[in-house]
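Only one structure is covered here, and it is reproduced in the block below.
There are 2 protein chains.
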Amino acid sequence: MIQAAICTIGDEILIGQIVDTNSSHIARMLNSIGVKVARMCSVSDDNSDIKSSIDALLKEFDIVIVTGGLGPTKDDITKKALGELFGSRGYYHHEGQWEIVKKVLTSRGIELFDTNYAQADIPEGAEVIVNRLGTAPCMVFRFHETAYRHSPVLYSAPGVPFEALGLLPDIQKDICSHFNLRSIYHKTIVTFGIPESTLAKKIELWEENLPEDIHLAYLPNSITGVRLRLSIYGVDAEEGKRRIDEEFSKVLPILGEAVYGEGEDTLQDVIVRKLIAGGNTLSVAESCTGGRIASLFTQIRGVSKCFMGSVTSYDNSVKRSILGVPEEILETKGAVSSECAEAMATGVLKALDTDYGLATTGIAGPDGGTPEKPAGTVWVAVARKERDGHITVSSQMFRFSSNRSVNIDRFSSSALNMLRINL
Amino acid sequence: MIQAAICTIGDEILIGQIVDTNSSHIARMLNSIGVKVARMCSVSDDNSDIKSSIDALLKEFDIVIVTGGLGPTKDDITKKALGELFGSRGYYHHEGQWEIVKKVLTSRGIELFDTNYAQADIPEGAEVIVNRLGTAPCMVFRFHETAYRHSPVLYSAPGVPFEALGLLPDIQKDICSHFNLRSIYHKTIVTFGIPESTLAKKIELWEENLPEDIHLAYLPNSITGVRLRLSIYGVDAEEGKRRIDEEFSKVLPILGEAVYGEGEDTLQDVIVRKLIAGGNTLSVAESCTGGRIASLFTQIRGVSKCFMGSVTSYDNSVKRSILGVPEEILETKGAVSSECAEAMATGVLKALDTDYGLATTGIAGPDGGTPEKPAGTVWVAVARKERDGHITVSSQMFRFSSNRSVNIDRFSSSALNMLRINL
Chain A
1 MIQAAICTIG DEILIGQIVD TNSSHIARML NSIGVKVARM CSVSDDNSDI KSSIDALLKE
61 FDIVIVTGGL GPTKDDITKK ALGELFGSRG YYHHEGQWEI VKKVLTSRGI ELFDTNYAQA
121 DIPEGAEVIV NRLGTAPCMV FRFHETAYRH SPVLYSAPGV PFEALGLLPD IQKDICSHFN
181 LRSIYHKTIV TFGIPESTLA KKIELWEENL PEDIHLAYLP NSITGVRLRL SIYGVDAEEG
241 KRRIDEEFSK VLPILGEAVY GEGEDTLQDV IVRKLIAGGN TLSVAESCTG GRIASLFTQI
301 RGVSKCFMGS VTSYDNSVKR SILGVPEEIL ETKGAVSSEC AEAMATGVLK ALDTDYGLAT
361 TGIAGPDGGT PEKPAGTVWV AVARKERDGH ITVSSQMFRF SSNRSVNIDR FSSSALNMLR
421 INL
Chain B
424 MIQAAICTIG DEILIGQIVD TNSSHIARML NSIGVKVARM CSVSDDNSDI KSSIDALLKE
484 FDIVIVTGGL GPTKDDITKK ALGELFGSRG YYHHEGQWEI VKKVLTSRGI ELFDTNYAQA
544 DIPEGAEVIV NRLGTAPCMV FRFHETAYRH SPVLYSAPGV PFEALGLLPD IQKDICSHFN
604 LRSIYHKTIV TFGIPESTLA KKIELWEENL PEDIHLAYLP NSITGVRLRL SIYGVDAEEG
664 KRRIDEEFSK VLPILGEAVY GEGEDTLQDV IVRKLIAGGN TLSVAESCTG GRIASLFTQI
724 RGVSKCFMGS VTSYDNSVKR SILGVPEEIL ETKGAVSSEC AEAMATGVLK ALDTDYGLAT
784 TGIAGPDGGT PEKPAGTVWV AVARKERDGH ITVSSQMFRF SSNRSVNIDR FSSSALNMLR
844 INL
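The listed protein sequences derive, respectively, from chains A and B.
Each residue of the first sequence is one higher than the one before, counting from 1 in our numbering.
Each residue of the second sequence is one higher than the one before, counting from 424 in our numbering.
Rendered as C-alpha cells:
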C-alpha cells in the first residue's frame, strides 16, 4: 500500500512556539483515501537539514508532504532547499499565483514588496497547485526513477493552517490521479463518560473476537471522550461498511448511553442537531467555564437556529442582577452549590426566553478551593420549560483534579453530556 | 551543544485524530536549558517501528524524549518496545507508582484491573520519575557506551497532555544533572497589527545589522500576532540579557504601539494586568465571537479581580432584552453596525456595572454576508465610564476573509487589541 510521510519545516515548531495542527489534517486526508501515514517529522529552517531529511523520507516513502517555510521572511528557505534537491537550475514566475498574491495583499491593505513577488517564483520542473487563500503556492515535485527508484511525489504547502487546509482537496485530487490507491474503510463511534481502562475491560471479549483483518484503535480525548475506530483495508466501501457495522452492532448494547455519535461528532454537534430537530432553543449560564461552552456552540455553522446566547456570570453580582440568583442562596449555600446552579439555569432560561437552560458553577482552580469544595469541583444544572410553561430543573456534581484549563474543558464536556442525556 | 529529539508514539497521531501538543511544551523546556531540539517525529503503535525509529534517534542525538503509548489498552506497546531496545530481561514492580495508580483511579471512582497493576511494571535497568497526576510513570533509560558510543538518555513519558506537562520539571532536573549544558539566552517581544511581510520590511535594516552571534526568528501567529525572538548561545544570562536588550532597544521605536508585550504574553494577559493595576473592571458583549473573548479572559488565573462577566447576545432578542440595544438601531442600521456595537458595549457596561465594556458584532461566515457586509466583517466597540460617570464609546470595523473559526479568532484578537490601545 502507498505510504506517506508528513514533514513540517520551521524553527518555530522545534523551539515549541507553535503547535503543529497541519499534520493531523493532512494525515486525516491521506488516511481517508487509503494512504498510510507512516512517519511525521519536523525539521529546522536549515538548508542542509531540510535537504537531508526530505531526501531520507523520499528514499523511504511514496508521498512526502511538506508544510511551512514558504513565508516572505528571510528565515523561510524551504523553496530553495527543495529546488536544489529536485535539481532545478532556476526559477520561473507563476503568473496565476502572482495575481492572487496581489489580490490577497491588497484586499488586506498590505503594501507589496519584492519579497512578495518572489513568492510566485517556482523552481524549474516543479508544478503548481494555486493557493487561493494566501500568497505561497503549493509546489509539486514529481521525482524521476533516476532520482529515486520508486519515483516519489513531493508536495510543499504553506504552513499557515487555513491556507494548508484550503489546499488539501487539490492535493488529494492530485494524489488520487497520480497513484493507484488501495481502498480503505473506517468507522469511528464516540463515547463519553467511561474511562479508557474501564472501557477496554468492558469490551475486552468483543475486541478479542474481532476478525483478523479488522483493526481497532482507541482514541482517548479528555474533552470529547474515548473514540473507538475500526479499520479494514482492501475492500470496497459497501463491504467494508457492512462488515464494520456488523462488528459495531455487537458492541453498542455493551456501551449503551455512553455512545453519543459517530465519526467527527462532538457533544455540541449532537446537542445542536437534537435541539433543531425538536424545534427547541438553548441558553447557557457559565461561571467557572467562563464562556467556553458558548464558544463551543458558536463554532458550529448555523447554530443561531437554536442557540440564543449566554451569560458569563463570573462575578456573583452578575448571578444576582442578570440571572436573578437569590442573595440568600449565595450567602447560605455559596456560589458552588446545586441550588446556585439550578437558579442560574432557570434564570438564564427566563432571561433569554429559551426552552432549555444549561448552567455551570464551580472552581477551576488552582486557587479558591475548600476541603468540602476542592478546586476541580463543579455543579451543572439543566432547566427545561415544559409544554405547560412550568420549569423543571435538575443538577449534578462532578469532580476533577487537573490544572485550570483542563478542568475548564472537563467541566464543559461534563455539562454538555448532562444536557445531551437530558434532551 | 547537546541535541535532542522528541518522538510521539501512537496511531491516533498518525491518522490525524489527535493533535500533538506535548512536543511543543517539551521543546520549550529543552530550549530554555540550552538543549537544541533538532528533530521531532511521530511513529505508529508498532513494536518494530518504535524500535527502529528510536534506535535511529538514539544513534544521532544525546537526548530522546518519547511520549505516548503507555496507556492500559492493548494498542499501547511503547514500554515493551523500549524495554527490548534497552535489553531488559524482565520487569520490576514500582511500588511508588503503584500507590499513585491506586490513588488516582479510586479518587476518580474507577475500578482497578490487572492492566492498571501492570502500569507500574518497569523494564529492568530503567529508572522511574514518578507521575503524580496519572497512572503511567516516566521511565529513564540511560544507555551505556556499549549500546551507543555517546551514551544517550531516553525518557519515556505518558501522552496525556497534562500528565506529560506535569513531568517536565523533573525531566528537566534530570537532564541538567546528567549533562553539562551550555547556556542560552532568548528574549521574545510580541507585536500585533503589522503583517509579517510588512514587519520584515520595516525592520530589514535592523535585522541586517544584528551581530553574527545573535539569531532572529519570526514567530507569526494569526491570533497573538508576530513574535520576534532573539537568541544568543554560550553567554551567561546577564551578558545575554544586556546584549539582546541592546538590540531590541534599537527596534522598539520602529515598531511603536504594535509591541504589546514580551515572552509568552497574550493580549488578554496585558489587558488584565492593566485593568488590575488601574483598579478597573471589564465586561464583554459578544455576538459573532460567541463567548470566545470571555473564555480567553477566564483562562487567566485570578482574572476575577477585574473581569465581571459577559453576555453572548447571539440572537438579536438578547441584544434588546439584556443589553438594551434599541430596536430602531437593529432595524435601520442592522446588527452589524457601529451603532449596534456601541450600544452593546454601553449596554453591557451598564448591565454588569463595570468601568469598561467591550463589544463585537459581525459575520463569522460562511453564511450570512451581504455585498456591503461580507462574511468576515466585524464591528468592535469599547465603552468607558469616566470619573464623572458619563460614558464615552468608540468603534472600529475590521474585515477578514478566512474560514469561520479563523474569523472568530481574528475578530477576538482585533477586539482585544482595540481594547488594549484604549486602556
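Ideal placement from N, C-alpha and C gives every residue a C-beta, glycine not left out.
Quick check: what's the CA-CA separation for residue i versus residue j?
i        : j        : result
A:Leu57  : A:Phe143 : 13 Å
B:Asp443 : B:Ser465 : 9 Å
B:Ile449 : B:Leu591 : 7 Å
B:Trp474 : A:Asp236 : The sequence shown places Lys at residue 474 of chain B, rather than the Trp named in the question. Each residue's Cα considered, the two are about 33 Å apart.
B:Lys503 : B:Gly492 : 10 Å
A:Ile293 : B:Val576 : 43 Å
B:Thr611 : B:Asn454 : 13 Å
A:Arg89  : A:Ser53  : 21 Å
B:Ala543 : B:Asp472 : 24 Å
B:Gly792 : B:Ser825 : 13 Å
B:Pro584 : B:Glu809 : 45 Å
A:Ser310 : B:Ile786 : 18 Å
B:Ser760 : A:Arg132 : 29 Å
B:Ala758 : B:Asn739 : 7 Å
A:Tyr318 : B:Phe730 : Looking at the sequence itself, residue 318 of chain A is Val, so the reference to Tyr does not match. Cα-Cα distance, rounded: 11 Å.
B:Ala782 : B:Tyr683 : 21 Å
A:Pro137 : A:Phe113 : 17 Å
B:Val748 : B:Leu775 : 15 Å
B:Arg572 : B:His638 : 32 Å
A:Asn422 : A:Ala277 : 15 Å
B:Lys525 : B:Thr538 : 12 Å
A:Lys173 : B:Gln520 : 50 Å
A:Leu14  : A:Asn47  : 15 Å
Please compile the residues from chain A whose C-beta is within a distance smaller than 7 Å of the C-beta of residue i.
i        : result
B:Ile853 : The question about residue 853 of chain B has no answer here: the residues shown for chain B are numbered 424 through 846.
B:Phe730 : Tyr314
Does the beta-carbon distance from residue i to residue j come in below 8 Å?
i        : j        : result
A:Asn22  : A:Ala164 : yes
A:Thr78  : A:Ser151 : no
A:Ser287 : A:Thr392 : no
B:Ser830 : A:Ile18  : First, the residue type needs correcting, since residue 830 of chain B is Asn and not Ser in the sequence shown. No; because the gap between Cβ atoms is not below 8 Å, this pair is not in contact.
A:Val348 : A:Leu323 : yes
B:Lys459 : B:Ala427 : yes
A:Ile33  : A:Leu267 : no
B:Leu653 : A:Glu12  : no
A:Ser91  : A:Ile122 : A quick correction: the sequence has Tyr, not Ser, at residue 91 of chain A. Their beta carbons are under 8 Å apart, which means A:Tyr91 touches A:Ile122 by this criterion.
A:Gly449 : A:Ala258 : Nothing about residue 449 of chain A can be read from this structure; chain A reaches only from 1 to 423.
B:Arg451 : A:Gly16  : yes
A:Lys333 : A:Glu339 : yes
List the endpoints of the continuous beta strand (DSSP E) containing residue i.
i        : result
A:Thr312 : Phe307 to Thr312
A:His390 : Taken as a continuous stretch (DSSP letters only), A:His390 belongs to no beta strand (DSSP E), as it is neither H nor E.
B:Thr431 : Gln426 to Ile432
A:Glu331 : Counting along the chain, A:Glu331 falls outside any beta strand (DSSP E), though it belongs to the alpha helix (DSSP H) covering Glu327 to Thr332.
Could you name the residues of chain A that residue i contacts, counting a contact when the two beta carbons are closer than 8 Å?
i        : result
B:Glu534 : Thr198 and Lys201
B:Met767 : Within 8 Å Cβ-Cβ: nothing; B:Met767 doesn't reach chain A, min ~12 Å.
Under DSSP, the alpha helix (DSSP H) around residue i begins and ends at which residues?
i        : result
A:Ala27  : Asn22 to Ser32
A:Tyr117 : Asp114 to Tyr117
B:Glu534 : Counting along the chain, B:Glu534 falls outside any alpha helix (DSSP H), and DSSP gives it neither H nor E.
A:Arg163 : Contrary to the premise, residue 163 of chain A reads as Glu rather than Arg in this sequence. Pro161 to His178 is the span of the alpha helix (DSSP H), which, as asked, contains A:Glu163.
B:Asp472 : Asn470 to Glu483
B:Leu653 : Unbroken run through B:Leu653 is the beta strand (DSSP E), Arg650 to Tyr656; no alpha helix (DSSP H).
B:Lys848 : The first residue shown for chain B is 424 and the last is 846, placing residue 848 of chain B beyond what the model contains.
Show which residues of chain C have a CB atom less than 9 Å away from the CB atom of residue i.
i        : result
A:Pro366 : In the structure shown, chain C does not exist; the protein chains are A and B.
Given that residue i touches chain B, what residues does it touch there, using C-beta distances under 7 Å?
i        : result
A:His25  : Gly439
A:Phe398 : Result: empty, since nearest Cβ-Cβ is about 11 Å, beyond 7 Å.
A:Val378 : Those within 7 Å of A:Val378 in chain B number zero; the least Cβ separation is about 13 Å.
A:Phe41  : Before going on, a small fix: residue 41 of chain A reads as Cys here, not Phe. Neighbours of A:Cys41 on chain B, chain order: Arg462, Met463 and Cys464.
A:Ala381 : By Cβ distance, chain B contributes nothing, its closest Cβ being about 18 Å from A:Ala381, past 7 Å.
A:Val406 : Phe585
Residues of chain B with a CB under 8 Å from the CB of residue i: which are they?
i        : result
A:Leu219 : Glu435, Gln440 and Ile441
Inset, instruction - Give a yes or no on contact between the stretch 789 to 800 of chain B and the stretch 271 to 282 of chain A, applying the rule of three or more CB pairs nearer than 8 Å. - result: Contact fails between the stretch 789 to 800 of chain B and the stretch 271 to 282 of chain A, because fewer than three Cβ pairs, one in each stretch, are under 8 Å apart.
Inset, instruction - Please determine if the stretch 236 to 253 of chain A and the stretch 202 to 220 of chain A are in contact, where contact requires at least 3 C-beta pairs separated by less than 8 Å. - result: Taking 8 Å as the limit for Cβ pairs, the verdict is that the stretch 202 to 220 of chain A does touch the stretch 236 to 253 of chain A.
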